[in-house]
Each structure stands twice: as C-alpha cells, then as structure tokens.
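Just so we're aligned: the sequence shown equals residues 652 to 778 in the numbering used here.
In what follows, a structure is listed as structure tokens, so that the remarks can point back to it.
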Amino acid sequence: MLLSCLCALPLSHVPAPVLLAAVPLALILAWSLWRHQAGSLPLAVLKQLPDGWRLTLVSGEQCLAELAGPVRDWPGLLCLRFRVTAGEGSVAYGTCWRVLLWSDQLPAADWRRLRVSLRWRRREQAV
Numbered sequence: 652m653l654l655s656c657l658c659a660l661p662l663s664h665v666p667a668p669v670l671l672a673a674v675p676l677a678l679i680l681a682w683s684l685w686r687h688q689a690g691s692l693p694l695a696v697l698k699q700l701p702d703g704w705r706l707t708l709v710s711g712e713q714c715l716a717e718l719a720g721p722v723r724d725w726p727g728l729l730c731l732r733f734r735v736t737a738g739e740g741s742v743a744y745g746t747c748w749r750v751l752l753w754s755d756q757l758p759a760a761d762w763r764r765l766r767v768s769l770r771w772r773r774r775e776q777a778v
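This is how it looks when you write it as structure tokens:
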C-alpha cells in the first residue's frame, strides 16, 4: 500500500536529496510495520494472580507475566505493559506485551476492582 502511494505521487518536481531520504524511510516504515504485525498475538484471557499475571493466547498457550513500565489510566481505558517471566511454546522469556482494556470489555465491578488494584500497586511501589 505504501509503495502504491509512492508510485502515485508525481516525483518529477521533487528534489533528489528529498527522494534519497524518503525512499529509505519508506522502506524502514514498511519493514517495521511488517515486523510489528508478525510479533502481534491475540490474548484470550488476562488473569491477575497474587504473584503476577497469567496471559492466555487464543491458541491455548499460557505464560506468567509481571507489569512492566507505567500503567496509563484514563476514564474508560487502561493501557498496560507486561513482561513475560515464564512461558511455554512460542512465548519467549522477556517478551513484552502491550494490552489495551476498554471499560465495556469488563463488568463494572471488575473494572473498578482492577483500577483500584493498579492504583494501590503504584502507591506500594512508591514507598
């Protein structure tokens, strides 16, 4: 798609230095999008345990993970980042996952409980 957009542009009036910079950038962008898609796996279940989190893929593979990095908490949206601590199959140790949760994906009581537990986690780590 990106290459078809580049081919549709009239390039006769574009200076050569701009083209020399744009073509490698377009190739790097295409490569990064392809690589990101290849490393993206859907989660079926995300369960909070006393000692971490259990992530279950759609394929049935499971891994244990810990929260890594900041938790972004907006009204109606949570952005979490996990680092795998133990996994099986195609899930490698140290792999990072980014998970977005919308408030309508969970019952209201579970949504509140999750947000409160994440807030307490931040306070406990600050001490």
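Glycine included, each C-beta is placed from N, C-alpha and C at the ideal position.
These figures come from a predicted structure and were not determined experimentally.
Query: So what does DSSP say about residue 709, is it helix, strand or coil?; Result: coil
Query: Can you tell me whether residue 737 is helix, strand or coil according to DSSP?; Result: strand
Query: Output yes or no for whether 8 angstroms exceeds the beta carbon distance between residue 733 and residue 743.; Result: no
Query: Cα-Cα, which of 748, 696, 701 is closest to residue 708?; Result: 696
Query: Please classify residue 706: is it buried, with 16 or more other beta-carbons within 10 angstroms of its beta-carbon, or exposed?; Result: buried
Query: Tell me the residue span of the beta strand (DSSP E) that contains residue 750.; Result: 747-753
Query: Considering just the uninterrupted stretch of the beta strand (DSSP E) at residue 694, what are its terminal residues?; Result: 694-700
Query: Should residue 670 go down as buried or exposed, given a rule of 16 or more other Cβ atoms within 10 Å for buried?; Result: exposed
Query: Quick one: is residue 771 buried, meaning 16 or more other Cβ sit within 10 Å of its Cβ, or exposed?; Result: exposed
Query: Alpha carbon to alpha carbon, what distance is there between residue 681 and residue 715?; Result: 32 angstroms
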